[in-house]
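For reference, the structure is listed below as structure tokens.
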Ligand SMILES: N[C@@H](CCC(=O)N[C@@H](CS)C(=O)NCC(=O)O)C(=O)O
Ligand code: FES
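Numbering (this note's numbering), first residue to last: 1130 to 1279.
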């Protein structure tokens, strides 16, 4: 009886290790796929639906903000997580962020819809995208200077 208990107890950790290793392996493969996606373009948006047909208001907002910031289309890649359940869960683990949309700029996670809206409204997003060389720096024209002085 004692022996049986002992051997069961001894089995448990190795089984756990096996399951853990398996999960880690799967996750490593998913992780490198996501890393490649994140590195594909300067701006990468994980969203529900497509820019032309967003399937959620939060994703629509993220797309609209990129448009308002005049981010050139050729600098943007988007991924529809609704078409890829593995990506939908994987990106949450990868970014340690529980929701979609998720925006990456130059490989760095920026945030979801709330963060983008607030950064857009404060003017921080424009500066951030300029510094990231995603959009050109806004040069104050002579006309702006005159308006400011008036
Ligand atoms: N407050 C969030 C709004 C986004 C959100 O709540 N997304 C939900 C509903 S679309 C989500 O992704 N849930 C998990 C899922 O659908 O996989 C943000 O700032 O981005
Ligand atoms: S899909 Fe329902 S809130 Fe985004």
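Think of the CB as a built atom: it goes at the ideal place given N, C-alpha and C, for glycine as much as any other residue.
Answer yes or no: do residue i and residue j have a C-beta to C-beta separation smaller than 8 angstroms?
i: residue 1183; j: residue 1234; result: no
i: residue 1191; j: residue 1174; result: yes
i: residue 1157; j: residue 1264; result: no
i: residue 1247; j: residue 1238; result: no
i: residue 1245; j: residue 1194; result: yes
Of all the options the options, which has the alpha carbon lying nearest to the alpha carbon of residue i?
i: residue 1243; options: 1272, 1266 and 1189; result: 1189
i: residue 1178; options: 1249, 1240 and 1206; result: 1206
i: residue 1249; options: 1168, 1181, 1271 and 1200; result: 1200
i: residue 1159; options: 1214, 1228, 1256 and 1196; result: 1214
i: residue 1229; options: 1168, 1241 and 1261; result: 1241
i: residue 1236; options: 1167, 1163 and 1162; result: 1167
i: residue 1204; options: 1232, 1268, 1270 and 1269; result: 1232
For residue i, name the three-state secondary structure that DSSP assigns.
i: residue 1131; result: At residue 1131, the pLDDT of 45 sits below 50, so the modelled position is not reliable; the number obtained from the coordinates is stated separately. Here residue 1131 sits in helix by DSSP.
i: residue 1241; result: coil
i: residue 1173; result: strand
i: residue 1178; result: strand
Self-check item: Contact set, ligand 1 heavy atom to C-beta under 5 angstroms
Solution: Listed by chain position, these are 1185, 1187, 1228, 1229, 1241, 1242 and 1243.
Self-check item: Contained alpha helix (DSSP H) runs [length at least 4] in the stretch 1192-1236, N- to C-terminal order
Solution: Fully enclosed alpha helix (DSSP H) runs of 4 or longer: 1214-1224.
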